[in-house]
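Step one of this worksheet: look at the structure below.
There are 2 protein chains.
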Amino acid sequence: MKIRLYVDHPLGQGQTIPLDRDQAHYLFGVMRQQIGAQIALFNGRDGEWRAEVTEAGKRGGALACLEQTKPLQMPPDLWLIFAPIKKARTDFIVEKAAEMGAARIIPVQTDFTNSERIRQDRLQAHAVEAAEQCGGTFVPEVTDLQKLDRLLTDWPQDRQLMFCDEAEVGAGKVLGEADSGPWAILIGPEGGFSEAERKRLHDLPFAHVVSLGPRILRADTAAVAAMTVWQQALGDW
Amino acid sequence: MKIRLYVDHPLGQGQTIPLDRDQAHYLFGVMRQQIGAQIALFNGRDGEWRAEVTEAGKRGGALACLEQTKPLQMPPDLWLIFAPIKKARTDFIVEKAAEMGAARIIPVQTDFTNSERIRQDRLQAHAVEAAEQCGGTFVPEVTDLQKLDRLLTDWPQDRQLMFCDEAEVGAGKVLGEADSGPWAILIGPEGGFSEAERKRLHDLPFAHVVSLGPRILRADTAAVAAMTVWQQALGDW
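These protein sequence lines are chains G and H, in that order. For the first sequence, position 22 matches number 22 in full-length UniProt numbering, and the numbering has no gaps at all. For the second sequence, position 117 matches number 117 in full-length UniProt numbering, and the numbering has no gaps at all.
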C-alpha cells in the first residue's frame, strides 16, 4: 500500500469516495492500479485510511474505506512566512514547508519582493503533493499573497516570530523550551529586508532574531534550516 | 562590491589575475562591469580579496588584487554523502551542501540508486556557484561517484557517521559535544536503503542513527535538515 492520495471527501467506515478525472488518470493511467487495489487516503481531517478500488474508469472511479491506518496528526502551530522568489525555488519552499511540518504557509510581499502575485492554487497543489509523499495526514494551507507590513500590523498577540536576519549572521538567540506556544518563522527575500523592515522587525516585542550560521543561505535553504532549528527546540521532532 | 568570483589562481598583494573567456563573458557581458570596477575574488585557499578590473575584453581580461577582505575560513571537517537522484534535486543537494558548510561532497551508488554516473564537473560547478553566492571562501570538493559498499569498507578510522534512517522516524540519538571530530552525514536514496545496507550501517561502530522528525523527508530536504542538526551541535553555527 505505497500509493497515498489526498481526497477532499469525508473518510470513515463504510464511506465510498468518488474519484474525479485527474485522480482517476493518476491512479489508473499513471500508476496502473485496478479494481481491488489498496491505497492510502487522507483528507487532512480524518487521519489515513486504507481503501480499496471498487470502480476504475477513464473519467472517474470510486474507492471504499476499509480501516483507519493512522490517526490525524496535526503539526505544531507553526507558520512559515516567506517572500516568493523565482518559480522553482518558491515551489521548493512550499514543498519543504509541508514536509517539515508547517501548519500554515504565508507568502508575503516585502519591500524587495519582485513578484506581485502568486498562483495560490498551484502552490496549494504542491503542499498536497508533499503531504502525500511525506506520509503526513495534514495539509498546510497556503494563503494568498499578503503584504508583510499588513501581516505585522494585524499580528496575533500570542504568536512569537523567529526572524532570520542575514545581515546578522553569527548573532542570534538560541530557542529554549520556555518559548513554547504558537510561532511563525519569517524568511527574508533574496536581497534581504529593507532598512525600514529590519528596524521594524527588530523592534517588535514578539520577534526573536535567530542565527543560521556564518554563511548566507538562499531562501529555500534558510526555510529548511530554520524549521529544523525550530522543530528540534520546540516542535514535534 | 557585490560580485564574488571564484578563480583558480593565487591571490595576494600585487597579483594579476587573468580571466578566461567564460569569466570575461560573465563579468563584462552579463554583469556589465568595466575597467576600474571592484569585485571580490576567492580561490578556496587565500581568503577573499578586493580586486579591480584592469583589462576588459570579449575573450578575456585581467584583475589586480588590492587587499584581503576576508581570511580563509575552512568549514568544519564534515562530509556529505548522498545517493544521486533526479538531476534537479541532485544539483540542489550539492548547492545546499556547499551553503551549509560541507568540506567534501561524495555522491554514492547504493543498492537502490538508479544513476550509474554523474557529471562530476557540472556538480563541482554548482558547488563553486554556491560558494560565490553564500559569501564563503572555501569550495567543497565534489568527488566522483563511489560505491557506498566500498566507501564503508575503506572508511577512515577516526571519522564518525551520522546516518538518517527513514525506516526509523522518531528514533535516533541526539548529538552532543562529546561527539566532536571528523564526521560524515549519509543521506539515503529515494526508496531508502536496502535491508542489507541498513543492517550493515546499523552494525558499524562509527555510525550514529539520528532522527529527522516524524515525517519522511525528500533527500534534498533531509540533507539540509541533517546538516542543520549537525552544525548546531558540532559545527560552526
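The beta carbon of each residue, even a glycine, is placed where N, CA and C say it ideally should be.
Under the three-state reduction of DSSP output, Lys-96 (chain G) falls in the helix class. Taking all protein chains in view, the Cβ of His-126 (chain G) is crowded by 16 or more other Cβ atoms within 10 Å, so the residue is classified as buried. For the segment 48-74 of chain G, the beta-carbon criterion of a distance under 9 Å to any beta-carbon of chain H is satisfied by Gln-73.
Arg-117 (chain H) counts as exposed, since fewer than 16 other beta carbons sit within 10 angstroms of its beta carbon. With a threshold of 8 Å between beta carbons, Ala-225 (chain G) makes contact with chain H. Here Asp-77 (chain G) has Ala-103 and Pro-182 as same chain residues with Cβ atoms under 6 Å from its own Cβ, once five neighbours each way along the sequence are excluded. Take the alpha-carbon of Thr-143 (chain H) and the one of Asp-121 (chain H): they are about 9 Å apart. Neighbours of Trp-237 (chain G) in chain H, taken as residues whose beta carbon is under 8 Å from its own, are Ser-211, Leu-212, Gly-213 and Pro-214 in chain order. The segment 217-224 of chain G makes no contact with the segment 13-20 of chain H, as fewer than three CB pairs between them are under 8 Å. By alpha-carbon distance to Pro-205 (chain G), the top candidate from G:Ile-216, G:Gly-191 and G:Leu-161 is G:Leu-161. When DSSP states are grouped into helix, strand and coil, His-25 (chain H) belongs to the helix group. Minimum Cα-Cα distance from Gly-12 (chain G) among the listed residues G:Leu-72, G:Ala-184, G:Gly-36 and G:Asp-20 corresponds to G:Leu-72. The three-state secondary structure of His-208 (chain H), taken from DSSP, is strand. In this structure Ile-35 (chain H) is exposed. Its beta-carbon is surrounded by fewer than 16 other beta-carbon atoms within 10 angstroms. Taking Lys-70 (chain H) as the centre and dropping the five residues before and after it, the same chain places the C-beta of Gly-47, Glu-48 and Thr-137 closer than 6 Å to its C-beta, in chain order. Three or more beta-carbon pairs separated by less than 8 Å link the segment 139-159 of chain H to the segment 106-115 of chain H, which places the two stretches in contact. Beta-bridge analysis with DSSP links Phe-138 (chain G) to no other residue. Contact between Asp-220 (chain G) and Lys-96 (chain G) holds: CB atoms are separated by about 7 Å, below the 8 Å threshold. With a cutoff of 8 Å on beta-carbon distance, Asp-179 (chain G) and Gly-213 (chain H) are scored as not near each other. Chain order gives the chain G residues near Met-100 (chain H) as Gly-213, Arg-215, Leu-217, Thr-221 and Ala-225, where near means a beta carbon separation below 8 Å.
For Arg-50 (chain G), there is no enclosing alpha helix (DSSP H); the residue is found in the beta strand (DSSP E) stretching over 48-56. A direct Cα-to-Cα measurement between Glu-99 (chain H) and Ala-56 (chain H) gives close to 30 Å. Taking CB atoms only, Val-229 (chain G) has a neighbour in chain H less than 8 Å away. Residue H:His-208 holds the alpha-carbon nearest to the alpha-carbon of Asp-165 (chain H) among H:Ala-24, H:His-208 and H:Val-94. Residue pairing by DSSP places Ala-233 (chain H) opposite no residue, since no beta bridge is assigned to it. Here DSSP, grouped into helix, strand and coil, assigns Leu-186 (chain H) to strand. When Cβ pairs closer than 8 Å are counted between the two stretches, the segment 185-196 of chain H is seen to touch the segment 75-90 of chain H, the count reaching three or more. Pairing Leu-41 (chain G) with Arg-218 (chain H), the inter-Cα distance amounts to about 20 Å. Taking a Cβ-Cβ threshold of 8 Å, the residues of chain H close to Gly-136 (chain G) are Arg-215, in chain order. Counting only Cβ-Cβ distances below 7 Å, Lys-96 (chain G) has contacts in chain H at Thr-221, in chain order. Considering only G:Gly-60, G:Arg-119 and G:His-202, the residue with the shortest C-alpha distance to Gln-33 (chain G) is G:Gly-60. Following the DSSP letters along the chain, one finds Leu-148 (chain G) in no beta strand (DSSP E) but inside the alpha helix (DSSP H) bounded by residues 148-153.
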